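Participant: Dropping a structure here in structure tokens format, bear with me for questions.
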Amino acid sequence: MSTAQPFSVVADFPGANIAVDRIDGNDVYIHQELRGTSPWWFHWAFRVLNANGRKLSFHFTERITFPTMGIAVSTDCGTTWHWTGTDALFPIEQPNGFSVMVPGGADDIRFAITIPYQQSNLDQFRHEFPQLRCDTLCHSRHGRPVELLHTGRTDGLANYRLYLSARHHACEAIGTWLLEAIIRAALADTPTGLWFQEHVEILAVPFVDKDGVEEGDQGKDRQPHDHNRDYDAGLYPEVFAIKKLLPAWIGHSSTIALDLHCPSIGEKRAYMVKVGDKQNLDTQRRFVQILEHCHAGPGAFLESDHGSWDKGGNVYDNGLQSTRWLSTLPGILLTGTIETPYAQIRDAVITIPVIRSFGESIAKALRELWLS
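Letter 313 of the sequence shown, counting from 1, is numbered 313 in full-length UniProt numbering, and no numbers are missing.
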């Protein structure tokens, strides 16, 4: 005769994604939901209730892979996160799960593929920086307001303009952490921040796939195409609104447009994806060289990670990506995607301070590029 389980595994918070196949004692059998992504992707996040003091083993019953630092864990309802390290993962001959000892006082413990960034994180950021204006770009398919951040010099007299976007792929949370970090640096009471506030107007879309972010979708390779293959189709209201807004806002100014992503799950390099014609490629290379000088660490950014600059990156047969569209607009000085790993940049473990350090270095490099 079966008895009720003393703990539960649930996906009932923003960004969560998991399906429970069964629970057998302290062994939990689960899989991530693809939700329209094809053929496969690896995002998941869930919480366990009332498992205090138990050692739990989580077995993924479908294809899975894990970050280089193990699993992201929170015992304070998602306020702070730490990494388990790879010791928590099953042995390499059985690479489909992980085991964790739940602390005695943790009646609510969360696990995720990386450090999440949700609506609540953006709300906290806005509360911390009241000068950060938030408008509504549009409403998502499911009726959510899609935030459009506006800051820096906004009186129409800025010398330069910076456009930032993140979460074309909903699961790539570190992209929005980096977007926040760049804006933080631009609003700081530092030489770099004060220069931005005098000279640069900033526009940012932190959640391009707003529904996917809040509902915990993969986002990547969503069918028939994802948000970052939609710039020749306009299937999604967010992309339609971006394409309507940006050409007039950019005008013929000296605008830099960065799209912030995460690479494959095991990647340990941060890098810029090549795109566009020779002029943009040359400017990308110059920016990469400046950023290498600005960001020696933690998690060094290196030009040597970028290979040849002779060709302009990927051309996809299932749609046009944001930066390739941006590269065709008059007034663009530089555009490109910056890929920041989910868990580790070289020897630096991904934490909020590490991301903020990288964002500060990017802001410094942008300033130097504009002034060069």
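Ideal placement from N, C-alpha and C gives every residue a C-beta, glycine not left out.
From a predicted model like this one, the values you see are computed outputs, not experimental measurements.
Would you decide whether His295 is buried or exposed? Buried here means 16 or more other CB atoms lie within 10 Å of its CB.
Facilitator: That one is buried.
Participant: What are the boundary residues of the beta strand (DSSP E) that His31 is part of?
Facilitator: Start and end: 27-31.
Participant: Can you tell me which residues form a DSSP beta bridge with Phe58?
Facilitator: Its beta-bridge partners are Val28, Phe98.
Participant: Check this for me: beta carbons of Ala112 and Ala72, under 8 Å apart or not?
Facilitator: Closer than 8 Å, so yes.
Participant: From this set, Trp44, Gln119, Asp12, Thr37, which residue's C-alpha is nearest Glu147's C-alpha?
Facilitator: With distances taken between Cα atoms, Glu147 lies closest to Gln119.
Participant: Exposed or buried, which one is Gln131 when buried takes at least 16 other CB atoms within 10 Å?
Facilitator: With fewer than 16 other Cβ atoms within 10 Å, it is exposed.
Participant: In chain order, what residues of the same chain have a beta carbon less than 7 Å from the beta carbon of Leu281, not counting five sequence neighbours either side?
Facilitator: Excluding sequence neighbours, Leu281 sits near Lys274, Trp309, Gly312.
Participant: Is the stretch 134-141 close to the stretch 168-184, with three or more CB pairs under 8 Å?
Facilitator: These segments do not touch.
Participant: List the whole-angstrom C-beta distance separating Val208 from His227, where the pair is believed to meet the contact cut-off of C-beta under 8 Å.
Facilitator: Sure, about 5 Å apart at Cβ, within 8 Å.
Participant: Is DSSP giving Gly175 helix, strand or coil here?
Facilitator: Of the three classes helix, strand and coil, the one that applies to Gly175 here is helix, per DSSP.
Participant: Give the range of the beta strand (DSSP E) segment to which Asp123 is assigned.
Facilitator: Counting along the chain, Asp123 falls outside any beta strand (DSSP E), though it belongs to the alpha helix (DSSP H) covering 119-128.
Participant: So, are the CB atoms of Ala343 and Met69 less than 8 Å apart?
Facilitator: Contact: yes.
Participant: Determine which residues share a DSSP beta bridge with Arg161 and list them.
Facilitator: For Arg161, which the question treats as bridged, DSSP gives the partners Glu201, Thr255.
Participant: Would you decide whether Ile92 is buried or exposed? Buried here means 16 or more other CB atoms lie within 10 Å of its CB.
Facilitator: Counting Cβ neighbours within 10 Å, Ile92 comes out exposed, since fewer than 16 surround it.
Participant: Flag this pair as yes or no: are the beta carbons of Ser165 and Asp259 separated by less than 8 Å?
Facilitator: Yes, they are a contact pair.
Participant: May I have the straight-line CA-CA distance separating Ala270 from Glu339, to the nearest angstrom?
Facilitator: Distance between the alpha carbons of Ala270 and Glu339: 5 Å.
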